[in-house]
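Step one of this worksheet: look at the structure below.
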Amino acid sequence: DGELCSVCPGDTSVLAGLYGPAEAKLSKELPDRAALEVLLRPKVGLPGVLERSREQLLRQTCEAVLLGALHPRTAVSLVLQVLSDAGSLLSCCLNAACMALLDAGLPLAALFCGVTCALQPDGAILLDPTARQEQEARATLTFAIASSDRKVLMATTKGSCSVEEMQQCLAAAQRAASTIFQFYRDSVRRRYSKS
Amino acid sequence: AAPQGRLLCGPGLRRSGAGLLVTKCGLLRHRPAGGGAYWVDSQQKRYVPVKGDHVIGIVTAKAGDVFRLDVGGSEPASLSYLAFEGATKRNRPNVQVGDLIYGQFVVANKDMEPEMVCIDSSGKSSGMGIIGQDGFLFKVSLGLIRKLLAPKCEIIQELSQLYPFELVLGMNGRIWVKAKTVQQTLIIVNILEACEYMTAEQRRQALAKLSGN
Chain A
1 DGELCSVCPG DTSVLAGLYG PAEAKLSKEL PDRAALEVLL RPKVGLPGVL
51 ERSREQLLRQ TCEAVLLGAL HPRTAVSLVL QVLSDAGSLL SCCLNAACMA
101 LLDAGLPLAA LFCGVTCALQ PDGAILLDPT ARQEQEARAT LTFAIASSDR
151 KVLMATTKGS CSVEEMQQCL AAAQRAASTI FQFYRDSVRR RYSKS
Chain B
196 AAPQGRLLCG PGLRRSGAGL LVTKCGLLRH RPAGGGAYWV DSQQKRYVPV
246 KGDHVIGIVT AKAGDVFRLD VGGSEPASLS YLAFEGATKR NRPNVQVGDL
296 IYGQFVVANK DMEPEMVCID SSGKSSGMGI IGQDGFLFKV SLGLIRKLLA
346 PKCEIIQELS QLYPFELVLG MNGRIWVKAK TVQQTLIIVN ILEACEYMTA
396 EQRRQALAKL SGN
C-alpha cells in the first residue's frame with residue numbers, strides 16, 4: 001500500500017493512494033494478471049465523463065509498466081483525489097500515480113512521468129502551463145514518458161496542431177522528463193536515508 | 196578475478212532477455228557468499244506470501260479439515276488440522292476462530308492458494324503453533340521486521356533490559372508482544388512502532404527516560 005501527494009508547478013496537487021495486491025471480487029479477477037482499477041475524484045462535484053476518460057488513460061499507462069503477471073487474480077486499486085487544480089492536471093495525476101506505485105513496492109518494468117505542453121497561437125511551446133495559459137493555447141498536449149529510453153506511453157491532445165508541432169512538443173517533453181525522473185530519485189533517496 | 200558459481204537474483208530483480216530488470220525501488224545489496232547474490236532492499240507494507248517464511252496468521256474460518264488463516268496477503272492461507280505436532284485424526288488441535296497461529300509456508304506461489312504448516316520437515320513444532328492467550332498483536336512495515344530479525348539486533352537487546360517480555364515476529368509485518376502487565380506491553384508496542392522512524396540515539400534516549408521512571 002502506498003500514499004503520495006504530487007505537486008506540479010503552479011500549485012496543482014493530487015493525493016494518490018494505492019492499495020494492493022489485494023483480494024479481487026470474483027467478477028473482476030483476471031486469471032493471468034492483476035486487475036488494475038483507477039478512481040479519480042475531482043475537487044468539487046461528482047466524477048463525470050472527463051474523470052472517466054482520464055481514469056482510462058491513467059489505467060492504460062499504469063498497466064503498460066506494471067508487471068501484473070506476477071500477481072494473478074488480485075486487484076490493485078489506485079485512488080486519486082484532486083486537492084487543487086491550477087493547470088496541467090493530467091500530468092500531475094500521472095506523476096502521483098507513478099510515485100504511488102513506487103512507494104507501494106509493486107513490481108514495475110519502468111517508471112513514467114507526465115508532461116503537459118501548450119501550443120500558443122504564435123507557435124511557442126510552453127511546458128507545464130497554468131490554467132490560464134491552457135485556455136489561451138491553440139492546443140494542449142499531454143504525454144506520459146517512460147524512463148527506459150524516454151519512450152512515449154500515452155499521448156493525448158486537446159485542440160488541433162500539425163504533425164511537426166506535435167513532434168516538437170514531444171521532443172521538449174522528453175527533455176523535461178529527465179528533470180522529473182531526477183526528482184523521483186531524490187525524493188526516494190531522502191526516504192531511504194532516514195532508515 | 197570474477198567469482199565462480201551461479202549469481203543469485205533476489206527480490207526486486209528479474210531476468211529479462213540477456214540482462215537484469217530492476218522491478219522495485221530501494222537499496223541494492225550484495226552478498227559475496229557462494230556465487231554471489233544481489234537483491235533490492237525495499238520498504239513495503241503489504242505482504243506477498245513466500246515459501247519458507249514464518250508468519251503470524253489469524254484464523255478466520257474452519258472448513259472441514261482445514262483452517263482458513265488471514266496472513267495479510269491477497270488470499271487467505273489454508274492450514275490442515277494434521278499439520279500440528281502430535282496431531283492425529285483422533286487427537287485434534289484446539290483451534291478456534293480468532294486464534295493466532297505462528298507457522299511457515301510450504302506452498303506459496305502466484306498461481307496457487309498459500310498453504311501453511313506448524314511443523315518443520317522433521318515433524319517437530321520448533322516454536323510454531325497456536326500463540327497463547329493475552330498479549331497484543333500489531334502491524335508494522337516489512338522492513339522493520341527484517342531489521343528486528345537480523346542477528347544481534349540492538350533494539351531487542353535494549354528492550355530486554357527494560358522489562359522481560361515474550362515476542363513473536365511474523366514476516367508478514369505482524370508482531371505479538373506479551374509482558375507482565377498491560378502497561379508494560381503497551382510501552383513495548385509503542386517503542387517498536389516508533390523504532391521505524393527513530394535513529395539509534397533517539398531510541399536510547401527514549402529507553403533511558405523510561406527506565407529512569
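The listed protein sequences correspond, in order, to chains A and B.
Numbering follows my numbering, in which position 115 of the first sequence is assigned residue number 115; successive positions increment by one, without gaps.
So the mapping is simple: my numbering equals the position in the second sequence, first residue as 1, plus 195.
Backbone N, C-alpha and C define an ideal beta-carbon position, used for all residues, glycine too.
Quantities reported herein were computed from a predicted structural model and do not represent experimental measurements.
For residue i, which option in the options has the closest C-alpha, if you only look at C-alpha atoms?
{"i": "B:K219", "options": "A:A86, A:A176, A:V65", "result": "A:V65"}
{"i": "A:C62", "options": "A:A118, A:Q168, A:I145", "result": "A:I145"}
{"i": "B:A389", "options": "B:A401, B:V250, B:S211, B:Q328", "result": "B:A401"}
{"i": "B:I351", "options": "B:M323, B:C313, B:E308, B:A395", "result": "B:A395"}
{"i": "B:E310", "options": "B:F300, B:N304, B:K319", "result": "B:F300"}
{"i": "B:D175", "options": "B:K240, B:D294, B:F279", "result": "As shown, chain B starts at 196 and ends at 408. That puts residue 175 of chain B outside it, with no answer to give."}
{"i": "B:G330", "options": "B:V312, B:W371, B:C313", "result": "B:W371"}
{"i": "A:M154", "options": "A:C161, A:Q174, A:S160, A:Q182", "result": "A:Q174"}
{"i": "B:Y297", "options": "B:G247, B:R226, B:I386", "result": "B:G247"}
{"i": "A:K43", "options": "A:S84, A:C92, A:V188", "result": "A:S84"}
{"i": "B:A272", "options": "B:S320, B:K257, B:L332, B:V217", "result": "B:K257"}
{"i": "A:D11", "options": "A:L89, A:L30, A:L102", "result": "A:L89"}
{"i": "B:L274", "options": "B:S211, B:Q397, B:I325", "result": "B:I325"}
{"i": "B:C348", "options": "B:K373, B:L332, B:L387, B:Q328", "result": "B:L387"}
{"i": "B:G318", "options": "B:N286, B:R263, B:F279", "result": "B:F279"}
{"i": "B:G327", "options": "B:V261, B:E361, B:P346, B:S320", "result": "B:E361"}
{"i": "A:Q60", "options": "A:A24, A:F112, A:D186, A:V14", "result": "A:F112"}
Let me know the secondary structure DSSP gives residue i once reduced to three states.
{"i": "B:Q238", "result": "coil"}
{"i": "B:V245", "result": "coil"}
{"i": "A:Y184", "result": "helix"}
{"i": "A:D103", "result": "helix"}
{"i": "A:V166", "result": "A quick correction: the sequence has Met, not Val, at residue 166 of chain A. Three-state DSSP puts A:M166 in a helix."}
{"i": "A:A124", "result": "coil"}
{"i": "A:Y19", "result": "strand"}
{"i": "B:E310", "result": "strand"}
{"i": "B:C220", "result": "coil"}
{"i": "B:C204", "result": "strand"}
{"i": "B:S211", "result": "strand"}
{"i": "B:Y233", "result": "strand"}
{"i": "A:G114", "result": "strand"}
{"i": "B:A228", "result": "coil"}
{"i": "B:R285", "result": "coil"}
{"i": "A:S77", "result": "strand"}
Using a Cβ-Cβ cutoff of less than 8 Å, which residues in the same chain neighbour residue i once the five nearest sequence positions on both sides are dropped?
{"i": "B:K284", "result": "L277"}
{"i": "B:L202", "result": "G230, G231, A232, Y233"}
{"i": "A:Q205", "result": "Nothing can be reported for residue 205 of chain A: it is not among the residues displayed for chain A, which extend from 1 to 195."}
{"i": "A:D1", "result": "G17, L18, Y19, G20, A104"}
{"i": "A:S160", "result": "R138, A139"}
{"i": "B:G338", "result": "D236, S237, Q238, Q239, E391"}
{"i": "A:A22", "result": "T74, A75, V76, S77"}
Out of curiosity, what's the CA-to-CA distance linking residue i and residue j?
{"i": "B:G207", "j": "A:L67", "result": "12 Å"}
{"i": "B:I382", "j": "B:S336", "result": "19 Å"}
{"i": "B:D236", "j": "A:V163", "result": "44 Å"}
{"i": "B:K153", "j": "B:P359", "result": "A question about residue 153 of chain B goes unanswered here, because the residues of chain B that appear run from 196 up to 408."}
{"i": "A:T179", "j": "A:V38", "result": "26 Å"}
{"i": "A:E55", "j": "A:A69", "result": "21 Å"}
{"i": "A:L80", "j": "B:K240", "result": "19 Å"}
{"i": "A:H71", "j": "B:K334", "result": "23 Å"}
{"i": "B:G214", "j": "B:L223", "result": "16 Å"}
{"i": "A:R190", "j": "B:G221", "result": "11 Å"}
{"i": "B:Y392", "j": "B:Q238", "result": "12 Å"}
{"i": "A:D149", "j": "A:F183", "result": "17 Å"}
{"i": "B:A403", "j": "B:K342", "result": "22 Å"}
{"i": "B:R399", "j": "B:P288", "result": "43 Å"}
{"i": "A:G45", "j": "B:V384", "result": "42 Å"}
{"i": "B:R226", "j": "B:C204", "result": "11 Å"}
{"i": "A:C92", "j": "B:G212", "result": "33 Å"}
{"i": "B:Q379", "j": "B:K373", "result": "9 Å"}
{"i": "B:Q397", "j": "A:L26", "result": "48 Å"}
{"i": "A:A34", "j": "B:N286", "result": "41 Å"}
{"i": "A:P31", "j": "A:Q167", "result": "39 Å"}
Between residue i and the rest of its own chain, which residues show a CB-CB distance below 6 Å, the 5 nearest in sequence each way excluded?
{"i": "A:E134", "result": "G87, A118, T140"}
{"i": "B:G365", "result": "V250, I251"}
{"i": "A:L94", "result": "G114, A144"}
{"i": "B:P244", "result": "G268, F300, A303, P309"}
{"i": "B:M323", "result": "Y297, G298, C313"}
{"i": "A:A131", "result": "A86, G87"}
{"i": "B:L216", "result": "R209"}
Under 7 Å Cβ to Cβ from residue i, same chain only, skipping five residues before and after it: list those, please.
{"i": "B:I340", "result": "L364, M366, G368"}
{"i": "A:A109", "result": "V65, L67"}
{"i": "B:A196", "result": "Because B:A196 carries a pLDDT of 49, less than 50, the predicted location of this residue cannot be relied on, and no value is offered for it."}
Chain A contacts made by the region 238-260 of chain B, where a contact means CB separation under 9 Å: Q238, Q239, K240, R241, V243
Output needed in chain order: residues of the region 383-408 of chain B with a Cβ under 8 Å from some Cβ in chain A. E391, Y392
Report the residues of the region 54-72 of chain A with a CB closer than 7 Å to any CB of chain B, ordered along the chain. L67, L70, H71, P72
If you measure beta-carbon to beta-carbon, which residues of the region 17-33 of chain A are closer than 9 Å to chain B? Y19, G20, P21, A22, E23, A24
The region 198-220 of chain B: which residues have C-beta closer than 7 Å to a C-beta of chain A, in chain order? L216, T218, K219, C220
Between the region 263-277 of chain B and chain A, which residues of the former have a C-beta closer than 7 Å to a C-beta of the latter? S269, E270
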